[in-house]
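The structure appears below as structure tokens.
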Amino acid sequence: MAKTIPAGIHTQKSAIATSGSWLLLVDLYYPGSSTPDKQYVNNNESVEYPEDSGKFYTPVPFTISQIKESVQGDLPKATFTFFSWISHKYP
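If you want this note's numbering, it's the 1-based position in the sequence shown plus 854.
This is how it looks when you write it as structure tokens:
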């Protein structure tokens, strides 16, 4: 579900230099759901967004591929890849 970028953030996005960093936030919806079932941030710590909302994005390393579109009118496709933080210890 698309969200509107506030004017102040849009100005920062377009600036040549900024004092902050940009993090990728992802909302995942299960079929039939109107609110996000999972929320992830590509970061090493959780992020509250919007500020003071009490809604936290779970930190997970991931990548999203370039969106692929076809001329046949298929839905655009992208690959979402999670990287595991789980370390295995073998005897």
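C-beta atoms are modelled at their ideal positions from N, C-alpha and C, and glycine is treated no differently.
Return the first residue and the last residue of the beta strand (DSSP E) that residue i is part of.
i, result
"Thr912", "Phe910 to Pro913"
"Thr935", "Phe934 to Phe936"
"Leu878", "Per DSSP, Leu878 belongs to no beta strand (DSSP E) and is neither H nor E."
"Val895", "Lys892 to Val895"
"Thr917", "Phe916 to Ile918"
Apart from the five residues on each side of it in sequence, which residues of its chain come closer than 7 Å, Cβ to Cβ, to residue i?
i, result
"Tyr911", "Leu879, Gln893, Tyr894, Val895, Ser900, Val901 and Tyr903"
"Asn898", "Pro913"
"Tyr884", "Asp891"
"His942", "Note that His942 scores a pLDDT of 49, beneath 50, so its modelled location is shaky and nothing firm can be said."
Nearest to residue i by CA position, among the options, is which residue?
i, options, result
"Thr889", "Lys857, Gly874 and Ser938", "Lys857"
"Thr935", "Pro885, Val925, Gly927 and Gln920", "Gln920"
"Trp876", "Ser887, His864 and Leu882", "His864"
Please work out which residues of its chain come closer than 6 Å, Cβ to Cβ, to residue i, disregarding the five sequence neighbours upstream and downstream, and give them in chain order.
i, result
"Lys931", "Lys922"
Q.
Closer than 8 Å is the cut-off here; do at least three beta carbon pairs connect the stretch 912-919 with the stretch 880-894?
A. With three or more CB-CB distances shorter than 8 Å, the stretch 912-919 counts as touching the stretch 880-894.
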